[in-house]
Amino acid sequence: SSLSAGTGGLVLYDLTSSAPHNKEFSPHCVKTLMDLKLLDVGYDRQRLTFTQVRTDLAKRVGDNAATVPTLELSDGTHLQDSWLIANWLANHHPKGNALFPFPSSRPFAASLNAWGRSNFAAQLRSLTRPPIHDSLTGESKIYFEQVKVGKQKLEKMRAMTQAERDQQIQNCIVALEPIQDALAAVRESHNASAGSLSTVPLWLEGDQEPTHADFCVYGWYVHSRSTGPTITREIWHALPLVSQWVNALNAWAGNEITKDF
Ligand SMILES: N[C@@H](CCC(=O)N[C@@H](CS)C(=O)NCC(=O)O)C(=O)O
1 SSLSAGTGGL VLYDLTSSAP HNKEFSPHCV KTLMDLKLLD VGYDRQRLTF TQVRTDLAKR
61 VGDNAATVPT LELSDGTHLQ DSWLIANWLA NHHPKGNALF PFPSSRPFAA SLNAWGRSNF
121 AAQLRSLTRP PIHDSLTGES KIYFEQVKVG KQKLEKMRAM TQAERDQQIQ NCIVALEPIQ
181 DALAAVRESH NASAGSLSTV PLWLEGDQEP THADFCVYGW YVHSRSTGPT ITREIWHALP
241 LVSQWVNALN AWAGNEITKD F
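Under the UniProt record's numbering, the first residue of the sequence shown is numbered 1, with each subsequent residue one higher.
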C-alpha cells in the first residue's frame, strides 16, 4: 500500500469480540477501516476488546472516556472519533478528497451518521445486543451486560417473542427506505445525463468509487451481521437497490475485511 509522508506509521485501534471469535461489529470502526482502504493507506491494526479499550487504550491516550476507532499518528498524538479521522485523512492524504468528493459530501455523510445513530440503531438494538453479548467473554462480557446495556434490558431483549422480533426487523427495513431512495435518485440522475449505455452507479454519491457516505451506512450493515445470516438477509436484502449496494460493498471491501463479520 502507498504510504505518503503525512500518513505513515499509523496505528488503528479497532474493536473486536474476544478470541476465538474476533468479530468485527463496531459500526464506527468499520467507517475508518473502509476510509483507509479507499485511500490505500498502510497501518498497524490493533484489535481491542471492550476491556482493553477501557484499560489499555484509555491509559495510552490519557482519556478515561476513550473510544474506538482511535487513530494514532506517527508523532504519538491520537484522533478519537471516526468523523475526525475521516476529515484528517481527507486533509492529509494526497487522494483524501476521494472521501468527500463533492461540496455536498460532508453534510450528506453527517446526515447519514445521524440517521444511523438516531433512526436505524434504535430499531436494530434489541436484535444485536444479545448476540454481541454471546460473542464476548470474561470482563468484556460483564462490562457489556452491566455497564453498556444493563442486565434487565438485556434479559428483556432475550425474552422477545418471534412476533416482536419480526416487528423490529420490519422497522429496520422501513428505516432503510431513505437509503433505497437515495440510491434510486443517483440512478435517475445518471440515466438522465449519461444515458443508459454507461455503467450504472453503484454508490450513494454516484461516483466511480464508494465514499465516506457509503461507509457511514455500511458500518450499520456490519453491526447487523452480529444477528446472524438470516436476520441480516431479512433486513438488508428486502429492498433491491440496498441489497445490490450491500453486495457491491462486500465485494469492494474484500475478504481481508469481511472475514471478520
Ligand atoms: N463518536 C465515535 C463513537 C465511537 C464509539 O461509540 N465507539 C464504541 C464502539 S462502536 C466504543 O469505543 N465503545 C467503548 C465502550 O463503550 O467502552 C465515532 O464515531 O468514532
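We put the CB at the ideal spot given by N, CA and C, even for glycine.
Who are the Cβ neighbours of residue i in its own chain at under 8 Å, not counting the five residues just before and after it?
{"i": "S18", "result": "T49, S135, L136, T137, G138, S140 and K141"}
{"i": "M160", "result": "S126 and Q168"}
{"i": "V242", "result": "L176, I179, Q180, L183 and W236"}
I'd like the span of the alpha helix (DSSP H) that includes residue i, first residue to last.
{"i": "H223", "result": "H212 to S224"}
{"i": "V149", "result": "First-last for V149: undefined, no H or E at that position."}
{"i": "V174", "result": "Q162 to A175"}
{"i": "H78", "result": "Counting along the chain, H78 falls outside any alpha helix (DSSP H), though it belongs to the beta strand (DSSP E) covering H78 to Q80."}
{"i": "N113", "result": "S105 to A114"}
Mapping DSSP to helix, strand and coil, what is residue i?
{"i": "T70", "result": "strand"}
{"i": "Q244", "result": "helix"}
{"i": "D134", "result": "helix"}
{"i": "A5", "result": "Any reading at A5 must be qualified, since the residue scores a pLDDT of 47, below 50, and its modelled position is unreliable; the value itself is stated next. The answer is helix: DSSP assigns A5 an H, G or I state."}
{"i": "A181", "result": "Checking the displayed sequence, the identity of residue 181 turns out to be Asp instead of Ala. In the structure shown, D181 sits in a helix (DSSP, three-state: H, G or I)."}
{"i": "L239", "result": "coil"}
{"i": "P20", "result": "coil"}
{"i": "F261", "result": "coil"}
{"i": "T199", "result": "coil"}
{"i": "E234", "result": "helix"}
{"i": "E209", "result": "coil"}
Taking the alpha carbon of residue i as the point to measure from, which residue in the options has its own alpha carbon closest?
{"i": "R117", "options": "K259, N250 and H28", "result": "H28"}
{"i": "Q208", "options": "Q170, L249 and S243", "result": "L249"}
{"i": "A98", "options": "R129, E72 and D40", "result": "D40"}
{"i": "V15", "options": "D214, F144, P201 and L239", "result": "Per the sequence shown, the amino acid found at residue 15 is Leu instead of Val. Checked all of D214, F144, P201 and L239; the closest Cα to L15 is F144."}
{"i": "M34", "options": "A253, D260 and F261", "result": "A253"}
{"i": "Y13", "options": "K23, T7 and T32", "result": "T32"}
{"i": "K37", "options": "Q52, T77, K95 and T128", "result": "K95"}
{"i": "N119", "options": "H93, H92 and L176", "result": "L176"}
{"i": "G76", "options": "W88, K259 and V61", "result": "V61"}
{"i": "H92", "options": "T7, K151 and A238", "result": "T7"}
Taking 7 Å as the limit between beta carbons, can you name the residues of its chain near residue i, skipping five residues before and five after?
{"i": "G228", "result": "P131"}
{"i": "P69", "result": "L12, Y13, D14, H28, C29, T32, S82 and I85"}
{"i": "A213", "result": "S105, F108, A109, L112, L204 and E205"}
{"i": "I231", "result": "L127 and I169"}
Span of the beta strand (DSSP E) holding residue i?
{"i": "L204", "result": "Per DSSP, L204 belongs to no beta strand (DSSP E) and is neither H nor E."}
{"i": "D14", "result": "L10 to L15"}
In its own chain, which residues sit with a C-beta less than 6 Å from the C-beta of residue i, not counting the 5 before and 5 after it?
{"i": "Q167", "result": "none"}
{"i": "E72", "result": "V11 and H78"}
{"i": "W88", "result": "L79"}
{"i": "P201", "result": "V186 and H190"}
Can we count residue i as close to ligand 3, meaning its CB is less than 7 Å from some heavy atom?
{"i": "V222", "result": "Ligand 3 is absent from the structure shown, which contains only ligand 1."}
Original post:
Which ranges would you report for the beta strand (DSSP E) in the region 23-103 if only whole runs of at least 3 residues count?
Top reply: 43-48, 70-72 and 78-80
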